[in-house]
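Undergrad: Numbering follows the numbering used here, in which position 61 of the sequence shown is assigned residue number 68; successive positions increment by one, without gaps. We put the beta carbon where it would ideally sit given N, CA and C, even for glycine. All of these numbers come straight from a predicted model, not from anything done at the bench.
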Amino acid sequence: MFLDQELKNIQEAKNRLAICGDLRRSMVHIEVQGAWRGVCRTLSNLTLGLALTEQILNFLRERKDYRR
């Protein structure tokens with residue numbers, strides 16, 4: 008009787024631990040996805056910023072050449 012109850016308690020604890028592990032894996036997966044999206048967003052913004060800078064520099068060069 009005592010061993011049956013102890014076995015049941017161990018199985019319940021094992022099931023709870025498995026659920027916690029699954030939740031932890033899911034949480035880590037979501038965090039990695041969020042971090043990756045942040046990196047992609049940063050790279051996209053950087054690309055747009057560099058393109059804008061290039062356009063401004065070209066405009067200034069053309070303006071400088073036009074004045075000569």
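Determine the direct distance from the alpha carbon of Ile26 to that of Phe66, and round the result to whole angstroms.
TA: Going by the C-alpha atoms only, they are around 60 Å apart.
Undergrad: Straight-line CA distance for Arg32 to Ile63?
TA: So the two alpha carbons sit approximately 46 Å from each other.
Undergrad: Taking the alpha helix (DSSP H) that Met34 falls in, what are its first and last residues?
TA: Residues 9–74.
Undergrad: Note down the Cα distance separating Glu69 from Leu57, rounded to an integer number of angstroms.
TA: Glu69 and Leu57: Cα-Cα distance of roughly 18 Å.
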